[in-house]
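Residue numbers (this note's numbering): 1 to 343.
Here is the structure we will look at, set down as structure tokens.
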Ligand code: SF4
């Protein structure tokens with residue numbers, strides 16, 4: 001029997017219409033590496049064989065991929081809790097309706113309180129308006145299904161906190177307007193930007209990465225926002241300390257795997273290190289390689305000495321440059337203050 005893995009992150013494409021300053025995957029600025037439908041269904045088989053309980057579908061923009069809903073529905077029908085993360089750039093009614101039978105949760109990513117802040121972070125005019133429109137479509141579908149006594153996804157906003165987007169007055173204004181517009185929205189989740197990909201680069205670290213203390217202070221802000229908003233929406237700020245190495249707790253057995261668009265398997269989420277491809281080798285072969293990478297003395301020492309967000313960013317830069325594929329290292333070497341788009 002295949003090894004059991006509780007949680008998968010699957011970035012199904014690196015195609016994306018946006019160009020976010022903090023993108024963990026540098027999507028939209030690199031080849032998409034999206035699988036064809038048949039190969040994608042083989043990845044679904046791998047995830048199902050591992051008896052996953054939760055799968056996060058991300059990218060890139062996952063809903064730009066034709067087979068995305070089919071893949072998610074197969075996992076959903078098998079009892080897996082599937083969450084899809086989308087920028088909401090495009091949300092036709094038929095996609096929203098199809099998602100109602102294909103996922104447990106839809107998180108629309110909005111990272112700024114208004115168009116000026118959000119579109120600057122996303123580096124694309126119209127991103128805020130389109131994200132809110134997508135929420136409207138999804139919200140309507142959910143309300144109609146509820147009225148008809150049918151199940152539907154949980155729906156909310158995943159808000160990544162960067163320095164530009166984390167001022168309390170802006171957050172309060174944002175929560176107030178969202179709750180007024182979507183009173184039955186299930187959640188607004190504020191989470192720290194993690195130093196991964198472009199968000200680990202020195203320029204981003206110097207300008208947009210919040211410190212751990214600032215992020216801890218934002219937990220209190222979140223409590224105030226939730227108290228003032230009242231109502232049905234669960235408003236939370238994720239405690240970033242949860243993601244930091246805990247004394248005496250090893251990350252080696254952490255029950256989570258991260259699959260890249262072409263099926264490559266990362267040794268650890270957020271870092272570029274790969275141990276193989278789930279389409280070429282069974283997880284029973286790949287999992288020991290994952291554990292070997294995670295317990296490598298150099299990697300373990302780097303991870304265990306993280307105390308600050310700056311330490312974390314530095315570790316990410318070192319590990320990505322050391323263990324990324326040749327393609328990754330070439331791409332990383334091209335990064336600068338301006339990261340140029342592919343065609
Ligand atoms: S953060 Fe998300 S929406 Fe932004 S460029 Fe990356 S994949 Fe696209």
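Think of the CB as a built atom: it goes at the ideal place given N, C-alpha and C, for glycine as much as any other residue.
Rounded to a whole number of angstroms, what is the C-alpha to C-alpha distance between residue i and residue j?
i: residue 306; j: residue 331; result: 25 Å
i: residue 186; j: residue 53; result: 21 Å
i: residue 101; j: residue 84; result: 13 Å
i: residue 109; j: residue 170; result: 16 Å
i: residue 33; j: residue 262; result: 5 Å
i: residue 79; j: residue 207; result: 42 Å
i: residue 231; j: residue 224; result: 13 Å
i: residue 204; j: residue 29; result: 17 Å
i: residue 46; j: residue 66; result: 20 Å
i: residue 311; j: residue 201; result: 12 Å
i: residue 273; j: residue 323; result: 5 Å
i: residue 321; j: residue 271; result: 10 Å
i: residue 308; j: residue 209; result: 11 Å
i: residue 329; j: residue 335; result: 10 Å
i: residue 313; j: residue 9; result: 21 Å
i: residue 153; j: residue 252; result: 33 Å
i: residue 126; j: residue 134; result: 12 Å
i: residue 25; j: residue 193; result: 13 Å
i: residue 131; j: residue 89; result: 6 Å
i: residue 241; j: residue 212; result: 8 Å
i: residue 340; j: residue 317; result: Caution applies to residue 340, whose pLDDT of 43 falls short of 50 and renders its modelled position unreliable; the value that the coordinates give is listed next. Taking the straight line joining both Cα atoms gives about 19 Å.
i: residue 22; j: residue 197; result: 7 Å
i: residue 75; j: residue 81; result: 8 Å
i: residue 50; j: residue 116; result: 43 Å
i: residue 57; j: residue 298; result: 30 Å
i: residue 281; j: residue 42; result: 12 Å
i: residue 39; j: residue 226; result: 43 Å
Let's test the definition: count the other Cβ atoms within 10 Å of the Cβ of residue i and tell me whether it reaches 16, buried, or not, exposed.
i: residue 362; result: Any question about residue 362 goes unanswered here, given that the chain covers just 1 to 343.
i: residue 31; result: exposed
i: residue 62; result: buried
i: residue 144; result: exposed
i: residue 122; result: buried
i: residue 103; result: buried
i: residue 16; result: buried
i: residue 142; result: buried
i: residue 285; result: exposed
i: residue 288; result: exposed
i: residue 249; result: exposed
From the DSSP output, read off the bridge partner residues of residue i.
i: residue 159; result: 190
i: residue 8; result: 55, 257
i: residue 277; result: 264
i: residue 109; result: 158
i: residue 235; result: 188
i: residue 84; result: 57, 106
Please name the residue in the options whose C-alpha comes closest to that of residue i.
i: residue 165; options: 37, 2, 120; result: 120
i: residue 266; options: 246, 11, 173, 2; result: 11
i: residue 87; options: 280, 142, 98, 64; result: 64
i: residue 183; options: 157, 217, 192; result: 157
i: residue 124; options: 19, 152, 141; result: 19
i: residue 177; options: 167, 114, 218; result: 114
i: residue 220; options: 194, 168, 193; result: 168
i: residue 229; options: 13, 276, 180; result: 180
i: residue 257; options: 244, 238, 277; result: 277
i: residue 27; options: 73, 128, 59, 41; result: 59
i: residue 245; options: 291, 304, 297; result: 304
i: residue 99; options: 71, 189, 2, 190; result: 71
i: residue 112; options: 106, 6, 96, 129; result: 129
i: residue 195; options: 315, 293, 294; result: 315
i: residue 216; options: 237, 68, 146; result: 237
i: residue 279; options: 6, 291, 227, 44; result: 44
i: residue 291; options: 259, 325, 254; result: 254
Give a single yes or no on whether residue i has its beta carbon closer than 7 Å to a heavy atom of the ligand SF4.
i: residue 16; result: yes
i: residue 122; result: yes
i: residue 28; result: yes
i: residue 19; result: yes
i: residue 60; result: yes
i: residue 2; result: no
i: residue 34; result: no
i: residue 152; result: no
i: residue 25; result: yes
i: residue 64; result: no
i: residue 87; result: yes
i: residue 56; result: no
i: residue 109; result: yes
Less than 7 Å separating the Cβ of residue i from some heavy atom of the ligand COA?
i: residue 104; result: Among the ligands in the structure shown, the ligand COA does not appear; only the ligand SF4 can be found there.
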